[in-house]
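These notes concern the structure reproduced below.
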Amino acid sequence: MIDPTHPYELEREIVIRARPETVFSYFTDSTRWAAWWGAGSMIDPEVGGKVFVRHPNAVEAAGEVLAIDPPRAIVFSYGYASGEPVAVGESVVSITLSEDPEGTRLHLRHGFADAAARDLHVQGWRYQLSIFANVVSSEVNAAAVDRIDAWFAAWSEPDAERRNSQLDLHVAPSISFRDRFSLIDGIEDLRPHLAAVHRFMPGMRLERRGPVHHCQGTALTEWVATGAEGDERGRGTNIFTLDAEGRIAGVVGLWTETGTTP
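So the sequence shown is numbered by our numbering: it starts at 33 and just counts up by one.
Put into structure tokens, the structure is as follows:
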């Protein structure tokens, strides 16, 4: 229902690869709130509590919490200390969270008293929610390097029990893996695939070479495959998709040199 005092609304919806409880914590903790707004920003997460934003360019905005229902919804007023283009308390932001197969679906509505002020905020929210999603995803995937190294370690581990233990810790049950030798869906399909690697290419190892680059649940890194004598068999780049728990949910392997290993 449109608020008759703020009839001009903008809406935006995004999906973040994190659980609703994790996403909502960025509306209830001032340190996390400041992580996506700017240093010095703060929020008091109760009805009537202060909302304060200090943007990196020193522009300040403020308001108060009007309603809160953790971890599903928060409503707060919003306006600028300068009074332009909206004075403090003269617009209303509503954010709701819901479960999504990839994590959390965030729906934002921002209501204004006039259309011109609304239009000035369209790109601002497009940008701010992008920053928000990246900050949340970076927390969820803080262990991305360790998980990716565990992926390569599992490929290099000849002992089935230790290999499967690594997979169970770091790989989603619905894992998909694609490269020129693989079309794998599900961890129970991956287990015998890796066992075959060690049966037909004993001593084969995969190692990460170079940094892991991560952005909003997608990570990229380079690798090298070596044989039992340490001779190089191939190299390439892996693109990893990480789920809402930070586990590896999908891998695409791109070979940059011809090799014989899967």
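Positions of the beta carbon are idealized from the N, C-alpha and C atoms, including for glycine.
For residue i, three-class secondary structure by DSSP
{"i": "histidine 142", "result": "strand"}
{"i": "threonine 54", "result": "helix"}
{"i": "threonine 60", "result": "coil"}
{"i": "glycine 259", "result": "coil"}
{"i": "arginine 265", "result": "strand"}
{"i": "alanine 281", "result": "strand"}
{"i": "valine 91", "result": "coil"}
{"i": "glutamate 45", "result": "strand"}
{"i": "proline 294", "result": "With a pLDDT of 39 at proline 294, under the threshold of 50, the predicted position of this residue should be treated as unreliable, though the coordinate-derived value follows. Coil, per DSSP."}
{"i": "arginine 137", "result": "strand"}
{"i": "serine 162", "result": "helix"}
{"i": "proline 205", "result": "strand"}
{"i": "alanine 119", "result": "strand"}
{"i": "glutamate 78", "result": "coil"}
{"i": "serine 73", "result": "coil"}
{"i": "aspartate 101", "result": "strand"}
{"i": "aspartate 132", "result": "strand"}
{"i": "glutamate 239", "result": "strand"}
Same chain only: Cβ atoms within 6 Å of residue i, ignoring 5 sequence neighbours per side
{"i": "aspartate 76", "result": "Lys82"}
{"i": "phenylalanine 59", "result": "Ile106"}
{"i": "proline 190", "result": "His230"}
{"i": "leucine 152", "result": "Pro117"}
{"i": "alanine 99", "result": "Val107"}
Integer-rounded CB distance, given that residue j should sit under 8 Å from residue i
{"i": "valine 167", "j": "valine 55", "result": "Not quite, the Cβ-Cβ distance comes to about 10 Å (not below 8 Å), so this is no contact."}
{"i": "alanine 113", "j": "alanine 93", "result": "7 Å"}
{"i": "arginine 64", "j": "glycine 135", "result": "No, arginine 64 and glycine 135 are not in contact; Cβ-Cβ is about 17 Å, not under 8 Å."}
{"i": "valine 79", "j": "aspartate 132", "result": "Between aspartate 132 and valine 79 the Cβ distance is about 27 Å, and since that is not below 8 Å, they are no contact."}
{"i": "arginine 241", "j": "tryptophan 255", "result": "6 Å"}
{"i": "aspartate 263", "j": "arginine 49", "result": "In fact, because the Cβ distance is near 38 Å, the residues do not count as touching under 8 Å."}
Close-in-space but distant-in-sequence residues of the same chain around residue i (CB under 8 Å, 5 per side omitted)
{"i": "threonine 292", "result": "Since pLDDT at threonine 292 reaches only 48, below the 50 mark, its modelled position is unreliable, and the value read off the structure follows with that caveat. Only Met233, Arg265 and Gly266 meet the Cβ criterion."}
{"i": "alanine 182", "result": "Gln198, Leu201 and His202"}
{"i": "aspartate 146", "result": "Tyr40"}
{"i": "leucine 222", "result": "Leu199, Val203, Ile207, Phe209 and Ile216"}
{"i": "serine 188", "result": "Met236, Arg237, Leu238 and Glu239"}
9 Å Cβ cutoff met for residue i and residue j
{"i": "arginine 86", "j": "histidine 202", "result": "no"}
{"i": "serine 170", "j": "histidine 246", "result": "yes"}
{"i": "valine 244", "j": "valine 172", "result": "no"}
{"i": "glutamate 41", "j": "arginine 141", "result": "yes"}
{"i": "serine 109", "j": "valine 125", "result": "yes"}
{"i": "valine 120", "j": "glycine 156", "result": "no"}
{"i": "leucine 138", "j": "glutamate 45", "result": "yes"}
{"i": "glycine 235", "j": "glutamate 261", "result": "yes"}
{"i": "threonine 258", "j": "isoleucine 180", "result": "no"}
{"i": "proline 88", "j": "glycine 111", "result": "no"}
Own chain partners of residue i with C-beta closer than 7 Å, once the 5 adjacent residues on each side are dropped
{"i": "alanine 186", "result": "Arg195, Gln198, Leu199 and Leu226"}
{"i": "alanine 174", "result": "none"}
{"i": "tryptophan 273", "result": "Looking at the sequence shown, residue 273 is not tryptophan but threonine. Gly249, Thr250, Ala281 and Gly282."}
{"i": "arginine 212", "result": "Trp287"}
{"i": "serine 62", "result": "Met74 and Ile75"}
{"i": "aspartate 35", "result": "Val124 and Gly143"}
{"i": "proline 103", "result": "Pro52, Glu53, Phe56 and Leu129"}
Chain D contact for residue i (CB, 9 Å cutoff)
{"i": "glutamate 53", "result": "Of the protein chains in the structure, only one exists, and it is not chain D."}
Those residues which DSSP pairs with residue i across a bridge
{"i": "arginine 195", "result": "In DSSP, arginine 195 forms no bridge with anything."}
{"i": "alanine 251", "result": "His246 and Phe272"}
{"i": "serine 126", "result": "Val107 and Arg141"}
{"i": "tryptophan 287", "result": "Gly268"}
{"i": "glutamate 96", "result": "Lys82"}
{"i": "serine 214", "result": "Asp211"}
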